[in-house]
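Numbering of the sequence shown is given in this note's numbering, commencing with residue 351 and proceeding in unit increments.
C-beta atoms are modelled at their ideal positions from N, C-alpha and C, and glycine is treated no differently.
The structure appears below as structure tokens.
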Amino acid sequence: MKDNVISPLNDDLEGEHAAIIQYLTHAYAMGEGEMACEIEAIAREEMRHLDWLAETIVGLGGVPSLKRGDMRMGGESVADWMRNDVQQEDDAIAMYEEHIKAIDDPKIKRLLERILSDEKSHRGDFEHFVDKAQKERAGDLRGSRQDRVAQILNWGIEHEYTVILQYLFHRYMTSNEDVKREMEDQAINEMQHLGWLSEKLVGKRGTPRIEHSKVDQSTKTADMLSADIKIEQEVAAEYDRAAKEIEETDLKELLLRIRDHEIYHTEVFSDLLKEEEGKGQ
Ligand SMILES: [Fe+2]
Ligand SMILES: [Fe+2]
Ligand SMILES: [Fe+2]
């Protein structure tokens, strides 16, 4: 019975994941401005949806999916992208309506209805952005820069996306409340890093490639923390190396600032691991 609910909720979760990355890609590619800010705000609402769905899945004894649903990434102009985003919302609306009909649990039904009303509102926002983008003749600010600077920034983007998924997964799967809280906090911090690196890359005429590498899916808290410490140590060293190599001051400063955050993460996770191991003895 529960599987009949977990599976559609995971489909919804994958749809939210796709929407978040699609909308962020569009917002970053438009450069700074009012519309980009509003689109990022919509992406943040999709993150809340993802969060509610994941917590519900875990509550039912399921495992939240790390897969990303289909994205609509084509289009030459911002108006085209906004049409794609309207389509993405249409798909989400259709899927939520279907799942609301199919699921009996009143609490879950209520949650999906709550999400559905957001999606309808987002659809309207994106329709409005189609007009606005046409009037403003908004275009793609990304360039085709492929040098070492672009490589480093895209390496960082890949890393940040990976740890966002990893810390969220660990947050959903651990029963340690302190770990849960820190994972949420640090995942939000990694989202900031993803945004800074992506915006910097677009500003430097590159194209962010928002793909992730392997996500640790440990289910024991100590194993999660060990994996998280390992990745933070590696990445802090890599940001440090990259900052030394880069001559552009603004980028150097950004990489060093992120490096310092990663060192902080390593220390926070190391303390939590000590506490967690202390509990077992
Ligand atoms: Fe959503
Ligand atoms: Fe980071
Ligand atoms: Fe980190």
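Query: Rounded straight-line distance, which links the Cα of K352 to that of E384; Result: 43 Å
Query: C-beta contact flag for I450 and K457 at 8 Å; Result: no
Query: Neighbour flag for K554 against chain B, beta carbons, 8 Å; Result: The structure shown has no chain B; it contains just one protein chain.
Query: D455, DSSP secondary structure in three states; Result: coil
Query: Cβ pair S548, G489 closer than 8 Å; Result: no
Query: N539 to D430 span [Cα, whole Å]; Result: 31 Å
Query: Unbroken stretches of the alpha helix (DSSP H), 4 residues or longer, contained in the region 479-532; Result: 498-523
Query: Short Cβ contact (8 Å threshold) for T571 with E534; Result: no
Query: Contact set, ligand 1 heavy atom to C-beta under 7 Å; Result: E366, A369, E395, E396, H399, A442, I465, D468 and E469
Query: Segment contact flag, the region 546-561 with the region 596-609, C-beta cutoff 8 Å, min 3 pairs; Result: yes
Query: Residue environment, S471, which counts as buried when at least 16 other CB atoms sit within 10 Å; Result: exposed
Query: Residue from D361, E486, L416 and A391 with nearest C-alpha to H520; Result: L416
Query: At least 3 beta-carbon pairs within less than 8 Å: the region 491-502 vs the region 567-587; Result: no
Query: Top-ranked residue by Cα proximity to A377, from Y511, S494, I596 and I392; Result: I392
Query: beta-carbon H615 near ligand 3 non-hydrogen atom, thresh 7 Å; Result: yes
Query: CA-to-CA distance, R492 to E598, given in whole angstroms; Result: 19 Å
Query: As assigned by DSSP and simplified to three states, the class of T599; Result: helix
Query: Heavy atom of ligand 3 within 7 Å of V499 beta-carbon; Result: no
Query: Distance cut-off 7 Å: I608 Cβ against heavy atoms of ligand 2; Result: yes
Query: Q536: CB within 7 Å of a non-hydrogen atom of ligand 3; Result: yes
Query: Beta-carbon contacts of V480 that lie in its chain and below 6 Å, excluding the five residues immediately before and after; Result: A429, M432 and R433
Query: C-beta contact flag for A369 and A442 at 8 Å; Result: yes
Query: Exposed unless 16 or more other CB atoms sit within 10 angstroms - verdict on A586; Result: buried
Query: Proximity test, H611 beta-carbon vs ligand 3 heavy atom, cut-off 7 Å; Result: yes
Query: DSSP state of K470 mapped onto helix, strand, coil; Result: helix
Query: Cβ-Cβ distance between L623 and I579 below 8 Å; Result: yes
Query: Alpha carbon of L575 to alpha carbon of D528, nearest angstrom; Result: 12 Å
Query: Assumed close pair R473, E439 - CB separation to whole angstroms, cut-off 8 Å; Result: 4 Å
Query: Delimiting residues of the alpha helix (DSSP H) encompassing D401; Result: E384 to G409
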